[in-house]
Amino acid sequence: MEKIKNKFKKLAIKGIIVLLLPLILIVALFSDSSSDTTSDTSYMANFTTEQYNFVMEIVEYSYDFKAQYQILTSVTVAQAIEESGWGKSNLAVNAKNLFGMKGKGTAGSVKTSSGTYKKFNNWKESVEAHDKLLSNSNYRCSGITDYSLVLQALGRGGYCKGTAYPNKIKNHIESYNLTMFDNLSESDLVQVRNRTFGSGSGGNTGDVANKGDKNARLQFLFPNGTPSSESAMRGYLTTIKVEILDRNGNPSTANLTCHKSLAGSIQSAYKEMKAKGFRAYDNGCFNWRKMTNSTAMSNHSFGVAVDINPGYNPYVSGTSSSTWNNAPACYKIQGDIVAIWKKYGFYWGGDYKNIKDYMHFEYVSGSIKPGTKY
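Dropping the structure here:
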């Protein structure tokens, strides 16, 4: 009798496992997809302006040759960072050689104490030579979509000895999330070429990033002209979640509707404000309306302006505000908060000369006319 019980017990356990196994696999698959961070641009927030522009330039050149050589952009960028010191090495500056390639290049060669190196006319030629090298029969990296396999191929092909160099490249890729550049869309590439991708440029100085003029910014946002109605504008909008601290300093989120092309930058700016302890408890972006005390359209109508904590950061017809002057630091837009938004390419209403709009940040300075081709 005991044997029969044990037999049925074992059969029952097997049956449960068979039933649960598909569910376990489904959960595992969906868990992997939900943790994907390849589009997270917050890793670039600590780039200096020079570093940001260097990466964007190499990304741009990588895509110029992607169809021909099919080399992962993340690897090309990481190697350029490591071997040229962010484009500042003697070879990178004087010979336009980013990767320390020896021999004769498109512009001849240069001799140093450590050998004869290729000289190029520009960095673009250097990137092409690099990607062509990795696609040849020694390395066979064309079409490989896993950077760890590319790094293994570099070792096998004799590009490097040991694990020190591949580990450095791996560290750059993962530290800066460079895989975000491996599968860019056409609209992403437009941002790369305009140096407006992801977190924008700018170091810690608070200088305005993405310094193209108003027309250049509007061509980037609305290449076919600005919408002339709210219904037309909605095709350019997206609703995002931003990380905030609420009025009491507790972590929370807020929904904002903004221009699609600015979504990543706005999310990154909010994440940085939260890290500073700033309490962004009252937020707004898209609102199809006219400007205060004007017949011109507000930039909120185009999803390119953000207002934060108007109760403590008011709009005033003048050059000062006692409300803003006396606002608690955790709610007040000033100094380091302004610097964050400027880094992402936004102008601050507190810098206006004849009025003050302390709550207000906008990506395009000055009013935008609906239906206009810039």
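Going from the sequence shown to the numbering used here is simple: count from 1 and add 89.
No residue lacks a Cβ here, since even glycine has one placed at the ideal position from N, Cα and C.
Buried versus exposed, by CB contacts within 10 Å (16 or more), residue i
{"i": "Val-216", "result": "buried"}
{"i": "Arg-368", "result": "buried"}
{"i": "His-449", "result": "buried"}
{"i": "Arg-245", "result": "exposed"}
{"i": "Asp-342", "result": "Per the sequence shown, the amino acid found at residue 342 is Thr instead of Asp. Classification for Thr-342: exposed."}
{"i": "Gln-157", "result": "exposed"}
{"i": "Glu-451", "result": "buried"}
{"i": "Lys-442", "result": "exposed"}
{"i": "Ala-181", "result": "buried"}
{"i": "Ala-416", "result": "buried"}
8 Å CB neighbourhood of residue i in its chain, flanking five on each side removed
{"i": "Leu-326", "result": "Thr-346, Cys-347, His-348, Lys-349, Phe-375, Gly-392"}
{"i": "Ile-457", "result": "Leu-307, Thr-315, Met-386, Asn-388, Ser-390, Phe-391, Val-393"}
{"i": "Tyr-404", "result": "Thr-381, Gly-438, Ile-444, Lys-445, Asp-446, Tyr-447, Met-448, His-449"}
{"i": "Ala-305", "result": "Asn-283"}
{"i": "Ser-410", "result": "Pro-403, Lys-445, Tyr-447"}
{"i": "Trp-175", "result": "Glu-139, Gln-140, Phe-143"}
CB contact flag (residue i, residue j, <8 Å)
{"i": "Tyr-254", "j": "Val-164", "result": "no"}
{"i": "Ala-394", "j": "Ser-383", "result": "no"}
{"i": "Lys-177", "j": "Met-190", "result": "no"}
{"i": "Val-331", "j": "Tyr-359", "result": "yes"}
{"i": "Ala-352", "j": "Ile-329", "result": "yes"}
{"i": "Val-453", "j": "Val-281", "result": "no"}
{"i": "Lys-439", "j": "Tyr-447", "result": "The question names Lys, yet the displayed sequence has Gly at residue 439. Cβ distance < 8 Å, so Gly-439 and Tyr-447 count as in contact."}
{"i": "Tyr-152", "j": "Leu-267", "result": "no"}
{"i": "Arg-284", "j": "Asn-142", "result": "yes"}
{"i": "Ser-354", "j": "Gly-434", "result": "yes"}
{"i": "Gly-192", "j": "Thr-205", "result": "yes"}
{"i": "Asn-210", "j": "Ala-196", "result": "yes"}
6 Å CB neighbourhood of residue i in its chain, flanking five on each side removed
{"i": "Leu-273", "result": "none"}
{"i": "Phe-154", "result": "Glu-217, Asp-220"}
{"i": "Ile-233", "result": "Val-239"}
{"i": "Leu-223", "result": "Ile-160, Cys-230"}
{"i": "Val-427", "result": "Trp-437"}
{"i": "Met-322", "result": "Pro-316"}
{"i": "Ile-262", "result": "Ser-163, Ala-167, Tyr-236"}
{"i": "Asn-183", "result": "none"}
{"i": "Gly-301", "result": "none"}
{"i": "Glu-214", "result": "Thr-195"}
{"i": "Ser-226", "result": "none"}
Contacts around residue i, its chain only, beta-carbon distance under 7 Å, and the 5 residues preceding and following it disregarded
{"i": "Leu-243", "result": "Tyr-228, Cys-249, Pro-255"}
{"i": "Lys-212", "result": "For the sequence presented, residue 212 should be read as Trp rather than Lys. Only Glu-146, Tyr-150, Lys-185, Leu-187 meet the Cβ criterion."}
{"i": "Lys-462", "result": "Gly-314"}
{"i": "Met-362", "result": "Ala-369, Ile-426, Ile-429"}
{"i": "Lys-379", "result": "Ala-385, Met-386, Ser-387"}
{"i": "Lys-303", "result": "Val-453, Ser-454, Gly-455"}
{"i": "Phe-286", "result": "Met-145, Asp-277, Gln-280"}
{"i": "Glu-172", "result": "Leu-187, Phe-188, Gly-189"}
{"i": "Ser-406", "result": "Ile-444"}
Presumed contact (8 Å Cβ cut-off) between residue i and residue j, rounded CB distance
{"i": "Ile-397", "j": "Ile-422", "result": "6 Å"}
{"i": "Val-168", "j": "Ile-258", "result": "Here residue 168 is Gln; the residue named in the question, Val, does not match the sequence. Sure, about 6 Å apart at Cβ, within 8 Å."}
{"i": "Phe-270", "j": "Val-199", "result": "In fact, because the Cβ distance is near 30 Å, the residues do not count as touching under 8 Å."}
{"i": "Ile-401", "j": "Thr-408", "result": "It should be pointed out that residue 401 corresponds to Tyr in this sequence rather than to Ile. That belief does not hold up - the Cβ atoms of Tyr-401 and Thr-408 are roughly 18 Å apart, past 8 Å."}
{"i": "Gly-366", "j": "Cys-419", "result": "6 Å"}
Cutoff 8 Å: residue i Cβ touching any chain D Cβ
{"i": "Asp-271", "result": "Any reference to chain D falls outside this structure, which holds one protein chain only."}
Residue i: CB within 7 Å of a non-hydrogen atom of the ligand SAM
{"i": "Asp-271", "result": "For the structure depicted, the ligand SAM is absent and the ligand set is empty, with no information on it obtainable."}
### Task
Note down, one range per segment and in chain order, each beta strand (DSSP E) of at least 3 residues found wholly within the region 321-395.
326-334, 340-348
### Task
Pick out the complete beta strand (DSSP E) segments inside the region 394-439, 3 residues or longer, and give them in chain order.
394-397
### Query
What runs of the alpha helix (DSSP H), each 4 residues or longer, lie entirely inside the region 177-201?
179-183
### Query
If you scan the region 211-276 from start to end, which runs of the alpha helix (DSSP H) of 4 or more residues do you find wholly inside it?
212-224, 236-246, 253-264
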